[in-house]
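Peer 1: Numbering (the numbering used here), first residue to last: 3 to 175.
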């Protein structure tokens with residue numbers, strides 16, 4: 003059994019240039035939510051999208067930008083080094099029977115609005131720590147297509163809420 007990590011479902015139609023092989027792997031494994039070097043990579047690929055809380059799976063769908071950076075040896079090395087680091091991280095074998103962790107929400111990253119506060123943040127931290135400790139751990143939750151709403155105050159001072167619509171193709175699920 004390979005190391006259990008926070009891994010997502012595959013997205014079969016990601017056109018990654020061969021020179022950036024593994025970039026999709028970095029985007030589809032939620033380790034990027036706590037690995038600063040991987041976060042910086044996706045931020046540097048598209049600073050505007052990263053600033054708008056677009057998850058890496060959405061960022062790597064920008065074919066123009068990927069084609070542009072795929073010709074740069076520095077980018078190629080950066081991606082290959084991070085992919086190798088992810089493979090080293092995943093190579094360790096967990097021991098013992100798996101633990102199932104059920105929660106209604108998981109706060110892993112702002113781009114993945116499936117949490118509303120403390121419980122979700124705590125659950126996300128449990129997942130991250132279990133992965134780093136190489137525990138046989140499986141988190142089970144729900145995908146809320148409408149996510150959790152954000153509260154805003156309108157110009158007359160009334161509190162309103164905005165519910166996002168989460169696109170599974172742009173979400174790390």
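All residues carry an ideal CB built from backbone N, CA and C; glycine is no exception.
In three-state terms, what does DSSP make of residue 111?
Peer 2: Against the chain shown, residue 111 aligns to sequence position 109. It is coil, neither helix nor strand.
Peer 1: Hey, how far is the Cα of residue 99 from the Cα of residue 143?
Peer 2: To locate residue 99, count along the chain shown from 1; it is residue 97. To locate residue 143, count along the chain shown from 1; it is residue 141. One C-alpha to the other measures close to 20 Å.
Peer 1: Which residues does DSSP pair with residue 163 in a beta bridge?
Peer 2: Within the chain shown, numbered from 1, the residue matching residue 163 stands at position 161. Per DSSP, 153.
Peer 1: For residue 164, which of 29, 152, 91 has the nearest alpha-carbon?
Peer 2: What you label residue 164 is simply residue 162 of the chain shown in a count that begins at 1. Checking every option, the nearest Cα to that of residue 164 belongs to 152.
Peer 1: Locate the alpha helix (DSSP H) running through residue 91, then write down its first and last residues.
Peer 2: Here residue 91 is taken as the residue at index 89 of the chain shown, counted from 1. Taken as a continuous stretch (DSSP letters only), the alpha helix (DSSP H) holding residue 91 covers 75-93.
Peer 1: Rounded to whole angstroms, what is the Cα-Cα separation between residue 57 and residue 38?
Peer 2: Working through the chain shown from its first residue, we reach residue 57 at position 55. Working through the chain shown from its first residue, we reach residue 38 at position 36. If I take the Cα positions, the gap works out to 14 Å.
Peer 1: Please name the residue in 25, 29, 140, 52 whose C-alpha comes closest to that of residue 101.
Peer 2: Locating residue 101 in the chain shown gives position 99, counting from the first residue. Ranking 25, 29, 140, 52 by Cα distance to residue 101 puts 140 first.
Peer 1: Which first and last residues belong to the alpha helix (DSSP H) in which residue 40 is found?
Peer 2: Reading the chain shown from its first residue, position 38 is the one you call residue 40. Run containing residue 40: 38-47, per the alpha helix (DSSP H) assignment.
Peer 1: Going by beta carbon distance, what residues of the same chain come within less than 8 Å of residue 154, once the five residues before and after it are set aside?
Peer 2: Position 152 of the chain shown, counted from the start, is the residue given in the question as residue 154. For residue 154, where only same-chain residues beyond five positions count, the Cβ hits under 8 Å are 161, 162, 163, 164.
Peer 1: Check the C-beta distance from residue 47 over to residue 61 and give it rounded, since I have them as a contact under 8 Å.
Peer 2: As a first step, residue 47 must be located in the chain shown, where it is residue number 45. As a first step, residue 61 must be located in the chain shown, where it is residue number 59. Sure, about 6 Å apart at Cβ, within 8 Å.
Peer 1: Any idea if residue 69 is buried or exposed, counting beta-carbon neighbours within 10 angstroms, 16 or more meaning buried?
Peer 2: Along the chain shown, one-based indexing puts residue 69 at 67. Answer is exposed; the Cβ neighbour count stays below 16.
Peer 1: With a CB to CB cut of under 6 Å and the five nearest residues on each side skipped, what residues in its chain are close to residue 21?
Peer 2: Position 19 of the chain shown holds residue 21. Closer than 6 Å at the Cβ level, and outside the excluded window around residue 21, lie 72, 78.
Peer 1: How far does the alpha helix (DSSP H) with residue 102 in it reach, from first residue to last?
Peer 2: Position 100 of the chain shown, counting from 1, holds the residue named residue 102. First-last for residue 102: 101-104, but that is the beta strand (DSSP E), not the alpha helix (DSSP H).
Peer 1: Between which two residues does the alpha helix (DSSP H) holding residue 132 run?
Peer 2: Residue 132 sits at position 130 when you count from the first residue of the chain shown. Start and end: 120-134.
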